[in-house]
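With the sequence shown counted from 1, adding 66 to any position gets you our numbering.
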Amino acid sequence: MNKHSTDPETVNLAGYEFYSRSMDKLMEDHILPKIKARAKNFIVTANPEIVMYANKHDDFRSIITRADFIVPDGIGIVLASKWLNKPVTERIAGYDLFIRLLQEANTYKKKVYFLGAEEKNVRKVVSKVNNEYENIIITGFKSGYDLPTDAHMVKEINALKPDIVFVALGYPLQEKWIDRNLNEFQQGLFVGLGGSFDVYSGNLKRAPKIFQKLYLEWLFRLVQEPSRWKRMISIPQFMAMIISKKSKRVT
Ligand code: UDP
């Protein structure tokens with residue numbers, strides 16, 4: 067990628083190379099060709115919480131920087147990119163990426179695998195995908211609790227040969243799981259999706275569009291899951307960090 071062109075593919079925000087173009091471009095230029103070529107691919111959907119966590123944990127930071135793509139999940143990242151005069155084209159939320167990948171998998175009759183969430187929720191995901199996308203081939207699924215060993219999972223996934231493996235274990239677990247096993251996999255797009263299975267299965271509600279437009283998705287989430295407040299402190303911390311970088315003109 068040429069980081070100095072006038073239309074860069076990535077922008078450096080707080081030390082991380084974020085994909086800066088649209089979801090459409092990501093699909094057309096990278097994801098679909100890679101799936102077609104059976105190339106391995108690792109996508110991190112990063113919001114301010116993930117960035118702040120990575121800043122505090124070097125091992126996690128290395129994992130994130132090894133990924134093929136870091137996409138700007140979270141409006142905080144989009145705002146930061148504007149304040150730093152390196153705007154990303156749009157937010158690419160994990161949930162939207164999940165739905166888009168399901169649509170592409172349906173169009174191109176691709177094989178998928180679901181890993182993560184509670185047993186009842188991942189089962190709901192599988193049956194809903196089965197009903198909504200007639201061409202998708204569901205090769206398998208596993209709940210994210212009492213996970214089998216890595217060796218077992220690698221053997222199973224390599225035997226099933228999915229084109230896309232949706233990994234919804236929450237951060238940092240999902241990125242760590244992908245990163246430490248990626249070498250062993252023969253093919254596939256691996257993407258960390260946080261709570262997307264819970265939303266798709268109907269266990270959790272996604273914020274209505276109006277909340278998203280007003281940048282208040284975090285508030286909607288906090289009301290649904292009050293126990294998240296501690297983790298959410300990292301959002302204002304991220305904003306403060308960006309503002310201080312802007313005032314020092316260092317990124
Ligand atoms: N989860 C899981 N295994 C675990 C811990 C969590 O499968 O050991 C699932 C959990 O059920 C939920 C998702 O991972 O579906 C985490 O969602 P969250 O919205 O907290 O994602 P984050 O914001 O942490 O990435």
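Glycine is no exception: its CB is placed at the ideal position from the N, C-alpha and C atoms.
Beta-carbon proximity list for Tyr119, same chain, < 8 Å, skipping 5 on both sides: Phe126, Tyr237, Pro238, Ser300
Bounding residues of the alpha helix (DSSP H) (the contiguous stretch that carries Val195): 185–198
Coarse secondary structure for Gly206, derived from DSSP in three states: strand
Delimiting residues of the beta strand (DSSP E) encompassing Leu145: Where Leu145 is concerned, there is no enclosing beta strand (DSSP E), although the alpha helix (DSSP H) it sits in stretches over 141–149.
Cβ-heavy atom distance, Ile116 to the ligand UDP, below 8 Å: yes
Same chain only: Cβ atoms within 6 Å of Asn269, ignoring 5 sequence neighbours per side: Asn187
Rounded C-alpha distance that separates Lys152 from Asp139: 16 Å
Three-way DSSP call (helix, strand, coil) for Gly182 in this model: strand
Buried or exposed by the 16-neighbour rule on C-beta atoms within 10 Å, applied to Gly142: buried
Closer than 8 Å: Ile80 CB and nearest the ligand UDP heavy atom: Residue 80 is actually Ala in this sequence, not Ile. The answer is no for Ala80.
Residues that Tyr85 bridges to, as DSSP identifies them: Thr76
Tyr179 CB to nearest heavy atom of the ligand UDP below 8 Å: no
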